[in-house]
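Protein chains in written order, with this note's numbering: chain G, 1 to 471; chain L, 1 to 611.
For each residue, glycine too, the CB sits at the ideal point set by N, CA and C.
Have a look at the structure below, then the notes.
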Ligand SMILES: [Zn+2]
């Protein structure tokens, strides 16, 4: 009994209240989104708001259950949860029900459960468990296995394919950053992403040409005229050979010729680098070759591995596709409904745009449309502010931990909420592509609400027991 | 444990704040700075208006228009956009009562309050003109243009078919259709639905609170164009069709006429028929119920769906098969003593001279001759058993298109029936039956059944001396179109061309011969018609009169099958009707007014066919 009271006292009530406030706001907005004169009772169980109320009550029960468990459970069973999760992700590929083209759901009676929602929790625990007790390090000995822990479930979810959930898994790299992953990994990733977008927007040949010019400029700045001219003296004949051979003998496209030219030039240049022990030109060359090979891989991956509707979404996002009726129309409707909210909104239940069912999936992924239309800029800022407060609170809790385990898990939770928050709201206002992921605690749906609640309350439970000895 | 990377938390705080800042700046932009979103939404609603394309037109084989479209208007309502208005005036314009108004509003609300539903269907152009003037007074209501079918002549109802509203089952199955859409339900309208319907478009309009269209949304970027339906050219000769329906007035039965060289159907009459414009517009459902309840079954397409025993017309088939199997010769003589007698079995025959050769037996329709021939076919020593010979015999029939659907481009064709060997095995025990058991097949009686279409096709094969094209009713899809490739494929029947000559000679004799010929009433001075009478036994009443023919003999232009139910012998009515049809088609006018009057005067009352 003593211990129970202890937990109630140690529980971070600020976070709990923020959680409750967000769930209630979400519920009121779901009511507004599906509001209908024929079903005006907010408790009508045939309607989504009625069901969401049931989900919320279940989430409360779930929260209490988690609080009364022993916090050592999560520490000792972290790998067990991870193992079960991997098994379920494999199982759903075989036995799952296909909804919207993704084999991501188990159907039990009339209920559908999405294992990937719970997989985030297990991944977060396993990652924290792995990092715990190891010396903090940027080295591969820690970071490579840690990355594998994240990537394995990601791949299984990508097979479903549920690209929305895959995107959220990138959140775990924030945990790795906090625990020491090299900043260069992130810079490389950001450059890679930038190259990716440039390639899609401009095509691979101009970007490859740009990279070569950039390499020459950097060479000029760092290594001087003489070496640059010698490098060019090798590159140009190599390009000529590559063009003749590639064009006439192998009938390659321009992109293939560029790759051959760069490789030939590199082989010729390797002799210089070796003899004069030139470090900088070697690095520049390595980056150039890596960049160009990456470009063509990206191009191939985009055209062959993404589904047409995903390509379309990215293209719309990049402003490359003008008016494909479905995708562009949805984003446009979302923008109109949020934009028309103005400064103070149209008032609760007075939204016109969201009412006409112009906005798709309005109570799930596009719930923010209702917020934006009915509560205006003020409401949007309040919701954004709530999330910022919530995220900073989680960061504070994570930082006050004594163990790497709880801190890393806390950062995982924080990072997942951050990604959901930014990507979801971002897609409704056109700063992110339309990726189908829910807004935590606001969007309609039991699986996502419970998944988020488990994530959060396991952290709160660990935080409440932070003075107890773990392990 | 020392936390070497503790300072990284500031970067993560920065990341959180930067994310929020990006969102807030963007929200500030679209909600406060950029007014265009408010313009498109604040007091406006988007209204998607479906653009219904005009259905394709249908022409006859000579380019004469058969079916076209007339304008009609549907009044739609979006319940949430309505507000108090002068309902009395509204009802006055539409000619509906207050109760009617309330009921229609209730139905619309039950369907959806926010999406448009049809309030009143197919308003006339006159009402529309008045309504359009005052529509601004009735917020939430708007008008959608539709088209309805219109017919140049009140004929060819079964052939053309009709257009109706899609049902919910189809909407669930085919995403093209929405509630209230039209779809071809029968005839050409059904079988060529995908060509005729074109494709719908959508215009998205901005509408203000006063129900005025403010313009196209986003300059029409999200609009899609309606594509009009494809026009069709039928193989049918509209004048011949109309004449056939006129001849069949007050009679039950059908006429199928085919151009033998192409398989093109020249006319397809089923009687009793109805005026196709009865099944158009608001009156459709009540008229449909009336037609459906009618005891003479005007909706039933006898040409494709009625299966009759072919009677004596079938002797032609047995003659051809016998010649091909070399069990008879054109000169074979069989005697007839008022019929065919074998033991206790007798198949009766009328009085004529005896013995006869093949052409005379066809011309005089001798039952005895064909019973002998059929027995020769089944007892052919080339085959191990009667059953095997029967299988071979059946193969010929199937090659002629009997026993299976021919594959005409119209829905609901029936296959007819040619019993398989197993059918008799079931009745008489395996291989326990003999030629005499099934001897009624010799004269086209018994279990066998064929549709008028199949009989017309049989005559087309004879006219072509052994081959045919699948009968079809559409020869051109689109203004520069071609028929379906299915209909340019020539089928052969396995009967050698020379074997047709004695049979055709007999058919010529039946119409043009001397004493004893069965169809002299069909004779035409200027053109040699080859034909064969038949009588389909009707266990329920008076027998059906059948006549099949083609003409001219040496360069056949038309093959025809005529059925008149309950009219007795084939020579009585079916032969004159076929003869008049041939005269009409080949010469364009009728010289034999007396014959036409004779046919037109006859009324075969429904009670004569009472079952
Ligand atoms: Zn006889």
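Closer than 8 Å, Cβ to Cβ, to anything on chain G: give me those residues from the stretch 24-38 of chain L, in chain order. 24, 26, 27, 28, 30, 31, 32, 34, 36, 37, 38
Chain L within 8 Å of residue 348(G), Cβ atoms only: Numbered from 1 along the first chain, position 348 holds the residue referred to as residue 348(G). Cβ-Cβ to chain L under 8 Å: no for residue 348(G).
What do you reckon, is the C-beta of residue 352(L) under 7 Å from a heavy atom of ligand 1? Here residue 352(L) refers to the residue found at position 352 of the second chain. Flag set: Cβ of residue 352(L) near ligand 1.
Taking buried to mean at least 16 other C-beta atoms within 10 Å of its own C-beta, is residue 621(L) buried or exposed? Examination of residue 621(L) is not possible in this model, given that chain L is present from 1 through 611 alone.
Using a cut-off of 7 Å between C-beta atoms, extract the partners of residue 399(G) located in chain L. One-based indexing of the first chain puts residue 399(G) at position 399. In chain order: 9.
For residue 17(L) and chain G, any beta-carbon pair shorter than 8 Å? Taking the first residue of the second chain as 1, we reach residue 17(L) at position 17. Yes, contact with chain G.
Helix, strand or coil for residue 547(L), going by three-state DSSP, please let me know. Looking up residue 547(L) in the second chain gives position 547. Residue state, collapsed to three classes: strand.
Residues that residue 5(L) contacts on chain G, provided the C-beta gap is smaller than 7 Å: Along the second chain, read from residue 1 onward, the residue named residue 5(L) stands at position 5. Within 7 Å Cβ-Cβ: 136, 178, 179, 180.
Take the Cβ of residue 187(G) as the centre, count every other Cβ of all protein chains shown within 10 Å, and call the residue buried at 16 or more, exposed below. For the purposes of this step, residue 187(G) is taken as residue 187 along the first chain, with counting starting at 1. Exposed, because fewer than 16 other Cβ atoms sit within 10 Å of the Cβ of residue 187(G).
Under 7 Å: does the beta carbon of residue 368(L) sit that close to some heavy atom of ligand 1? Translated into positions along the second chain, residue 368(L) becomes position 368. Flag set: Cβ of residue 368(L) near ligand 1.
If you draw a straight line from the alpha carbon of residue 562(L) to that of residue 126(L), how long is it in whole angstroms? For this step, residue 562(L) is matched to residue 562 along the second chain. For this step, residue 126(L) is matched to residue 126 along the second chain. Roughly 45 Å between the two C-alpha positions.
Return the residue from the list 61(G), 461(G), 382(G) that minimises the CA-CA distance to residue 449(G). Within the first chain, residue 449(G) is the residue found at index 449, counting from 1. Closest by alpha carbon: 61(G).
Where does residue 400(L) sit, in a helix, a strand or coil, going by DSSP? Along the second chain, read from residue 1 onward, the residue named residue 400(L) stands at position 400. Residue 400(L) falls in the coil class under three-state DSSP.
Please find out if some non-hydrogen atom of ligand 1 comes closer than 7 Å to the beta-carbon of residue 349(L). Taking the second chain and counting its residues from 1, one reaches residue 349(L) at position 349. Indeed, a heavy atom of ligand 1 lies less than 7 Å from the Cβ.
Collapsed DSSP secondary structure at residue 433(L) in the structure displayed: Taking the second chain and counting its residues from 1, one reaches residue 433(L) at position 433. In the structure shown, residue 433(L) falls within a coil segment according to DSSP collapsed to helix, strand and coil.
Cβ-heavy atom distance between residue 336(L) and ligand 2 below 7 Å? Questions concerning ligand 2 fall outside what the structure shown contains, since the ligands it does hold are ligand 1.
Would the stretch 21-41 of chain L count as touching the stretch 119-138 of chain L if we require 3 or more Cβ pairs under 8 Å? no
Please classify residue 540(L): does DSSP put it in a helix, a strand, or coil? In the second chain, residue 540(L) corresponds to position 540, counting from 1. Note: residue 540(L) maps to coil in three-state DSSP.
Please give me, in chain order, every unbroken run of the alpha helix (DSSP H) with length at least 4 that falls completely inside the stretch 289-360 of chain L. 302-305, 315-324
Per-residue contacts from residue 376(G) into chain L (C-beta, under 8 Å): To locate residue 376(G), count along the first chain from 1; it is residue 376. Near residue 376(G) (Cβ distances below 8 Å), the residues of chain L are 31.
Could you check which residue in 556(L), 477(L), 594(L), 451(L) has the C-alpha nearest to that of residue 536(L)? Counted from its first residue, the second chain places residue 536(L) at position 536. Nearest of 556(L), 477(L), 594(L), 451(L) to residue 536(L), Cα basis: 451(L).
Closest by C-alpha distance to residue 418(L), when choosing among 169(L), 492(L), 567(L), 307(L): The residue you call residue 418(L) lines up with position 418 of the second chain. Closest option to residue 418(L), Cα to Cα, is 307(L).
Compare the C-alpha of residue 486(L) against each of 183(L), 499(L), 601(L), 407(L) and name the closest. Taking the second chain and counting its residues from 1, one reaches residue 486(L) at position 486. Minimum Cα distance to residue 486(L) is reached at 407(L).
List the residues of chain L that residue 443(G) touches, going by C-beta distances under 8 Å, in chain order. Within the first chain, numbered from 1, the residue matching residue 443(G) stands at position 443. Ordered by position in chain L, no residue passes the 8 Å Cβ test against residue 443(G), which lies about 16 Å from the chain.
Neighbour list for residue 13(L) in chain G, Cβ cutoff strictly below 8 Å: Translated into the one-based positions of the second chain, residue 13(L) becomes position 13. The contacting residues are 392, 395.
Using a Cβ cut-off of 9 Å, pull out every chain G residue sitting near residue 22(L), in sequence order please. In the second chain, the residue the question calls residue 22(L) occupies position 22. Those are 422, 426, 431, listed as they occur along chain G.
Give me the Cα-Cα distance between residue 593(L) and residue 600(L), rounded to the nearest whole angstrom. Start at 1 with the first residue of the second chain, and residue 593(L) comes out as number 593. Start at 1 with the first residue of the second chain, and residue 600(L) comes out as number 600. About 10 Å.
Assuming residue 390(L) contacts residue 367(L) under a Cβ cut-off of 8 Å, what Cβ separation, rounded to an integer in Å, is found between them? By 1-based counting over the second chain, the position of residue 390(L) is 390. By 1-based counting over the second chain, the position of residue 367(L) is 367. Not confirmed; about 20 Å, so no contact.
Under 8 Å between C-beta atoms, does residue 340(G) make it to chain L? In the first chain, residue 340(G) corresponds to position 340, counting from 1. For residue 340(G), the answer is yes, since a Cβ of chain L falls inside 8 Å of its Cβ.
Residue 457(G) versus residue 394(G) - alpha carbon distance: For the purposes of this step, residue 457(G) is taken as the residue at position 457 of the first chain. For the purposes of this step, residue 394(G) is taken as the residue at position 394 of the first chain. Cα-Cα distance, rounded: 11 Å.
Nearest residue (CA-CA) to residue 170(L), options 184(L), 161(L), 162(L): Taking the second chain and counting its residues from 1, the one referred to as residue 170(L) is at position 170. Residue 184(L) is the option with its Cα nearest to residue 170(L).
Helix, strand or coil, according to DSSP, for residue 71(L) in the structure here? Residue numbering aside, residue 71(L) sits at position 71 when the second chain is read from its first letter. Residue 71(L): strand per DSSP, three-state reduction.
Can you tell me the Cα-Cα spacing of residue 264(G) and residue 285(G), whole angstroms? The residue given as residue 264(G) occupies position 264 in the first chain. The residue given as residue 285(G) occupies position 285 in the first chain. Taking the straight line from one Cα to the other gives about 12 Å.
Could you tell me the boundaries of the alpha helix (DSSP H) in which residue 144(L) lies? The count along the second chain starts at 1 and reaches residue 144(L) at position 144. Here residue 144(L) belongs to no alpha helix (DSSP H); instead the beta strand (DSSP E) covers 141-151.
Bridge partner(s) assigned by DSSP for residue 476(L): The residue labelled residue 476(L) in the question sits at position 476 within the second chain. DSSP, once it has assigned bridges, lists 233(L) as partnering residue 476(L).
Please classify residue 360(L): is it buried, with 16 or more other beta-carbons within 10 angstroms of its beta-carbon, or exposed? Within the second chain, residue 360(L) is the residue found at index 360, counting from 1. It counts as buried.
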